[in-house]
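> Have a look at this one.
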Amino acid sequence: MQVLSVTPEIFPLVKTGGLADVAGALPLALAGQGVAMRSLVPGYPSVMAAFNKKKPLLAYPDLHGGRAAVYAAHAAGLDLLVLDAPHLFERIGGPYGDATGADWPDNWRRFAALGLVGADLAGGKAAGYSPDIVHAHDWQAAMTLAYMRYGRAPSVPSVMTVHNLAFQGSFPAGIFPQLGLPDSAMTLDGVEYYGGVGFLKAGLQAASAITTVSPTYAQEIRTPAFGMGLDGLINLRAGDLHGIVNGIDVEIWNPETDRHLAATYSAETLTARAANKRAVEERFNLDHDAGPIFCVVSRLSWQKGLDVLISILDQIIAGGGRLAVLGSGDQGLEGALLAAAARHRGRVGVVTGYDEALSHLMQGGCDAILVPSRFEPCGLTQLYGLRYGCVPIVARTGGLADTIIDANEAAISASVATGFQFAPESGDAFLHAVRRAMHAYADPTVWQSLQLQGMKADVSWDRSAAKYVELYNSLILKQTAD
Ligand code: ADP
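Mapping the sequence shown onto the working numbering, position 144 (from 1) lands on 177, and the numbers just tick up by one.
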């Protein structure tokens, strides 16, 4: 089976969040299950630098204002189709905006172009390639499915995966004439969304199946509280909606071989983690003591609930905890965290920016990872935490609810607990969970059992990839039956 994945990010070439990890790991997991996945990605500078151009598979004399071409490439073990369009993607800054964080004003054009090319590939325009399924990730890839539906490949089955419903790609109606879609597409069951154009909305309408990255989030997005305005549409499509939890790349995230750690370790050699904890203390200027180090590795945004952490931070420190934070994003949150670090020298350390290597060291050296998200489609950092014996303390929402087993009395005595959950999203509930964790930490037998249970959990892609294969097969069968 041939699957075309269309994605705006792919690890290790370009990453701003969990989507990149998923888009990079899924093809490798599927390869082991008889599915050949090729990934269409924008030719950002970091992607173009990873391969040598040969003859293009497709060429466009004018794709939204400039020349473009699609190249087949093998890079970082991935089978890529790279959309080389310098006027759209060859820019200094991030994939979606400049260095100050401001969105590129022509994002609609950049990702409409990606979608159009995806639909051309879906329709067999590149000689010798015609995928059986198209799998689009998030709003940036969603227009692929709209272009397919309105002419380019109406009969190829498709999957739209929502990694985060908060990002929808909504644009003013004025762009519609430039999209090259028929007028009939500008309707309620097409691309029209609250009077403008909605890229994700268009993909949700056009997809044969919709998936999101955990079963709980799949249920949550059917409610007004989590549906971000799309719950009505999602409910209409509930019969085609699936929740498949993400796995992680267990080769890259392996404490036994991780070169970012000061000391590698396994479930049998957990005491070796101490050297990593020491390295974390050095890096974050934390005091050396026997108490736990809590950590955060996160985008700093409202979604992640870090304002709630800030509201209880003094109490965590007063209770004997230390905190190491790695994050970037919202200036207000960054400022508040830096102020806390200044207030609690030796107890709170903050590194701002994006640092893949440090994120590994923290999982390998801290005692617990805090994930107090208001909503979390799947979440990856708690899965890395499980694998590294860094016990997750999480809000009971979305994928966090699906992947962590709360250490209540029954779960502890049955030795199945892997972390701590709290609800509702409040400082009191969060603090209570942190205190439960501190209490457990004080008993090394209990704490080690939590760590070991987590390290035993299957967080690999195997099961999830099998679910995608099952879904792809069912869509192909359905299409043949139609
Ligand atoms: P989201 O995709 O919403 O940001 P996830 O938990 O699904 O959240 O994925 C976040 C990914 O980004 C994880 O791989 C995490 O380790 C990584 N990450 C987040 N912030 C940073 C940072 N400042 N430095 C390094 N890695 C980070």
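For each residue, glycine too, the CB sits at the ideal point set by N, CA and C.
In this text, all values refer to a predicted model and were calculated from it rather than measured experimentally.
Which residue from C399, L178, A440 puts its Cα closest to that of G324?
The shortest C-alpha separation from G324 is found at C399.
> Curious, which full-length beta strand (DSSP E) runs of at least 3 residues does the stretch 78-137 contain?
Complete beta strand (DSSP E) runs here, min 3: 91-93, 101-108, 111-117.
> How would you write the range of the beta strand (DSSP E) that R270 sits in, first residue to last?
Where R270 is concerned, there is no enclosing beta strand (DSSP E), given that its DSSP letter is neither H nor E.
> Is the Cβ-Cβ distance between L504 and V192 less than 8 Å?
Yes; because the gap between Cβ atoms is below 8 Å, this pair is in contact.
> Would you identify the three-state DSSP class for P75, choosing helix, strand or coil?
It is a strand residue.
> Quick check: A174 and P78, are their CB atoms within less than 8 Å of each other?
Cβ distance not < 8 Å, so A174 and P78 don't count as in contact.
> If you measure from the CB of D388, is any heavy atom of the ligand MN nearer than 7 Å?
With respect to the ligand MN, the structure shown offers nothing to examine, as its ligands consist of the ligand ADP.
> Determine, using beta carbons only, whether L63 and V502 come nearer to each other than 8 Å.
It is a contact, given that the beta carbons lie within the stated cut-off.
> Hey, G418 and G432: beta-carbon distance below 8 Å or not?
No, Cβ-Cβ distance for G418 and G432 is not below 8 Å.
> Going by the DSSP bridge assignment, what does V341 pair with across the sheet?
DSSP output for V341 lists no bridge partner at all.
> Report buried or exposed for N441, applying the criterion of at least 16 other Cβ atoms within 10 angstroms of its Cβ.
N441 should be labelled exposed.
> Buried or exposed, going by whether 16 or more other CB atoms sit within 10 Å of the CB of Y421?
The residue in question, Y421, is buried, as its Cβ has 16 or more Cβ neighbours within 10 Å.
> CA-CA distance, W335 and D515?
Taking the straight line joining both Cα atoms gives about 45 Å.
> In angstroms, rounded to a whole number, what distance separates the CA positions of A444 and D136?
If you take the alpha carbons of A444 and D136, they lie about 46 Å apart.
> Quick check on the DSSP output: what are the complete beta strand (DSSP E) runs of length 3 or more inside the stretch 389-447, in order along the chain?
Counting only runs of 3 or more, we get 401-404, 424-428.
> I'd like the span of the alpha helix (DSSP H) that includes R143, first residue to last.
Segment 140-155, the alpha helix (DSSP H) holding R143.
> How is V479 classed by DSSP in three states: helix, strand or coil?
In this structure, V479 counts as helix in the three-state DSSP scheme.
> What residue from P45, L303, G382, V427 has the CA that sits closest to M81's CA?
Here the closest residue by C-alpha is P45.
> Please confirm whether any heavy atom of the ligand ADP lies closer than 7 Å to the CB of C18.
No statement about residue 18 is possible, as the shown extent of the chain runs from 34 to 515 and does not include it.
> Determine, using beta-carbon pairs with one atom in the stretch 489-503 and one in the stretch 380-387, whether at least three such pairs fall under 8 Å.
With the cut-off at 8 Å, the stretch 489-503 and the stretch 380-387 do not touch.
> Considering R332, what are the terminal residues of the alpha helix (DSSP H) in which it resides?
Unbroken run through R332 is the beta strand (DSSP E), 326-333; no alpha helix (DSSP H).
> Which residues in the same chain have their Cβ closer than 8 Å to the Cβ of D54, if we skip the five residues on either side of it in sequence?
Closer than 8 Å at the Cβ level, and outside the excluded window around D54, lie F44, K48, N279, I281, D282, L413.
> With DSSP collapsed to three states, give me the class of G260.
Three-state result, G260: helix.
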